[in-house]
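Top line first, the protein sequences correspond to chains A and B.
When the letters of the first sequence are read in order and numbered with the working numbering, they come out as residues 854 to 1079.
When the letters of the second sequence are read in order and numbered with the working numbering, they come out as residues 854 to 1079.
Each remark here refers to the structure printed beneath this line.
Protein chains: 2
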Amino acid sequence: MTQPTISLANRVCEIIVQDIVTGTLPQGSKLNEPELARTHGISRGPLREAMSRLEAMRLIKRIPNVGASVVSLSYDELLEIYQIREALEGLAARLAAQNMSATETQELRLLLGAHEKHIKQTQGQSYFQQEGDVDFHYRIVQGSKNQRLINILGDELYNLVRMYRYQFSLSSNRPQQALKEHNQICAAIEEGDAELAEWLMRRHIGNARRNIMQHMQADATPAEDL
Amino acid sequence: MTQPTISLANRVCEIIVQDIVTGTLPQGSKLNEPELARTHGISRGPLREAMSRLEAMRLIKRIPNVGASVVSLSYDELLEIYQIREALEGLAARLAAQNMSATETQELRLLLGAHEKHIKQTQGQSYFQQEGDVDFHYRIVQGSKNQRLINILGDELYNLVRMYRYQFSLSSNRPQQALKEHNQICAAIEEGDAELAEWLMRRHIGNARRNIMQHMQADATPAEDL
DNA sequence: AGTCATAATATTGTCAACAATTTAAGCGTA
DNA sequence: TACGCTTAAATTGTTGACAATATTATGACT
C-alpha cells in the first residue's frame, strides 16, 4: 500500500491476508507460529504482531494458549456482513453525495464505463469484475470523507467479502443488473441527491443479500455478486 | 471479562484501556514502551501485543519506527462516530425487535426502571447515568444477535464514546428526554415492531448528534449525552 | 546569532532462548 | 478392547539482548 519499506510485520501481514483471501491458507486451518515464521523468513516476534492485525481484520480467530486459525466462513456470517454493509454503505452513499469532489465523481463515472466494456467483452465472472465491484464500492466509501467509516469497511469488511467471493466462487449471475444499479447510484451522487443515493445503495446491497438467502436455502452451491 | 487468568497482554490491555478512557493517559501523549512495560511489570513483548489491540480499538495511533500515541479527540471525529452509530444502532434496534428473547426484553425494561429511579434521585450527570446509557445501548446491540455488529460497536466505538464522555464531561443536559426516548425504543422492541424501533433509534442518536453540533459551533464547552 | 552537518542518545524493530501450558502418546488396569 | 492416568513432545507465552531507525544534542561554519 505504501512505498517505503515498512516493518517486516506489515509486509508479512499483507502476504498472509492475500493467502487467506485466496484460500492458499484454507478456512479453519491452524496457524503454526514457528512454521509460518520460517516460511516467511522472519522471527516469531513480528509474526505475532502480524497475527494481531489479522485478528483485528477478523480474518483469524485466536484462542489463548491454544493458537490461531483461519476463520470459517458460513452463510449466516455472510448475511451478518451484508446487513452491516447495507447500513454502512447506505450512509457512505449519502455522505458521498454531499462530499465527493467533481474529479472524484468523474473518476467514478470512468470506472463504470470500464466495467461496462468488460462485461460486454467477457460475459461475467472474471477476476476483474469481482475486484472492480469492490473498487466501485470502495470509492464511494472514500468519497464519504468519514475516516472511521473508511477504516471499518476497508480494514474489516471488504477483505472478508473478497474472501467469500474467491472461495465460494461468488461470481455475479446478474452483472448487467448490478451495473445498472451502480449507474443509478452514481447518477444520484453526481446530482448531490443524498437521500436517493442512500436509498439506492441500501436497495442495491439488499438485493444482493436477498439473492444470497435464496441460493442459501436452495443449495450449498451459491451464485451471487455484489 | 473472562474468569480464568488470561495472558499478560490481555490483562494489561484492559488496564490501559481504562487509563485511556478516563484520561489517566492523556490525549496525544506518547506511549513509551520500556516505561509502560516497567510500570505494569511485564516485558515489551506482551506490551506490544496489548498495544496492537489498542490500535485495533482505535484508542492509540501508531506510526512505524516512531511510536504510538493516545488518539486526540476532536468534534469532527465525534460526529463521524455518531453518524456511524446512527446507521449501525438503527440496524441493531431493528434486529433486536426481531430476535430479542422475552427475558432479554424484561431485563431491558428493568434497566430503564433503575435509570428512572436514579434520575429522580440524583439530578443527572452521575457516573452511573453515563455508564447506564452505554448499558442500555449495548443490550440492544447484543439483542441483535449479529455477532459482527456486536464486535464492531463493542470493541471499537463504545470505548471511544466513553472516552469522550469522561474527558469532555459530556453529562446529559436532557436526561429525562433521553429516558423517554429509551422507553419508546424499548416499547417498539417489545412489540416486535422492527421498522419503528430502527426509526426511533436513528432519531434518538440523530438528536444527540445535532445537539453536539450546536454546542460545537457555539463553544468548546459542550454538553451532550447519548 | 543563526543554520546546517555531525555525533550521541533514546526508542522502536527484531531475534533467539527460556518458561508455562496444551496436546499427543504410552502404559497399565478393569 | 476401552478407559484413565502418567509422561513426553509440541506449541504458545514471555523474557532479555541485539540491530536499525529516529530524535535530540553538540559544534562548526556563514
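Built from N, CA and C at the ideal position, the CB exists for glycine as well.
If only complete runs of 4 or more residues are kept, the region 995 to 1028 of chain A shows the alpha helix (DSSP H) at 1000 to 1004 and 1011 to 1020, in order along the chain. For residue 1005 of chain A, the chain B residues whose Cβ falls inside 8 Å of its Cβ are 937, 1005 and 1009, in order along the chain. In this structure, residue 1002 of chain A places its C-beta atom within 8 Å of the C-beta atom of residue 994 of chain A. DSSP places residue 911 of chain A outside any beta strand (DSSP E), giving it a letter other than H or E. Annotation: the continuous alpha helix (DSSP H) that includes residue 874 of chain B extends over 861 to 875. Contact between the region 944 to 958 of chain B and the region 885 to 893 of chain A is absent: fewer than three C-beta pairs spanning the two stretches fall below 8 Å.
In the DSSP assignment, the residues bridged to residue 920 of chain A are A:916. Here the region 956 to 968 of chain A does not lie against the region 1020 to 1037 of chain B, with fewer than 3 beta-carbon pairs under 8 Å apart. With a threshold of 8 Å between beta carbons, residue 1061 of chain A makes no contact with chain B. Taking 8 Å as the Cβ-Cβ cut-off, the region 922 to 948 of chain B approaches chain A at 930, 933, 934, 936, 937, 939, 940, 941, 943, 944 and 948, given in chain order. Taking 8 Å as the cut-off, the beta carbon of residue 912 of chain A is found closer than this to the beta carbon of residue 873 of chain A. Considering only beta carbons, the part of the region 863 to 880 of chain B lying closer than 8 Å to chain A consists of 863, in chain order.
Not flagged as an interface residue toward chain B: residue 1047 of chain A, since no C-beta distance is shorter than 8 Å. Sequence-distant Cβ neighbours of residue 899 of chain A in its own chain, meaning closer than 6 Å and more than five residues away, are 861 and 862.
For residue 870 of chain B, same chain residues with a beta-carbon under 8 Å away, outside a window of 5 residues either side, are 907, 910, 912 and 1012 in chain order. Between residue 1001 of chain A and chain B, the shortest Cβ-Cβ separation is below 8 Å.
With respect to chain A, the C-beta atom of residue 899 of chain B has no partner C-beta closer than 8 Å.
Rounded to the nearest whole angstrom, the CA to CA distance from residue 1058 of chain A to residue 1030 of chain B is 35 Å. Cβ contact annotation for residue 893 of chain B (same chain, cutoff 6 Å, sequence separation greater than five): 865, in chain order. Nothing from the region 1016 to 1042 of chain B brings a Cβ to less than 9 Å from some Cβ of chain A. DSSP places residue 885 of chain A in no alpha helix (DSSP H); its state is neither H nor E. The DSSP-derived three-state label of residue 936 of chain B is helix. Taken atom to atom, the span from the alpha-carbon of residue 926 of chain A to that of residue 882 of chain A is near 12 Å. By the Cβ neighbour-count rule, residue 983 of chain A is buried, with 16 or more other Cβ atoms within 10 Å of its own. Using a Cβ-Cβ cut-off of 7 Å, residue 860 of chain A is close to 917 of chain B, given in chain order.
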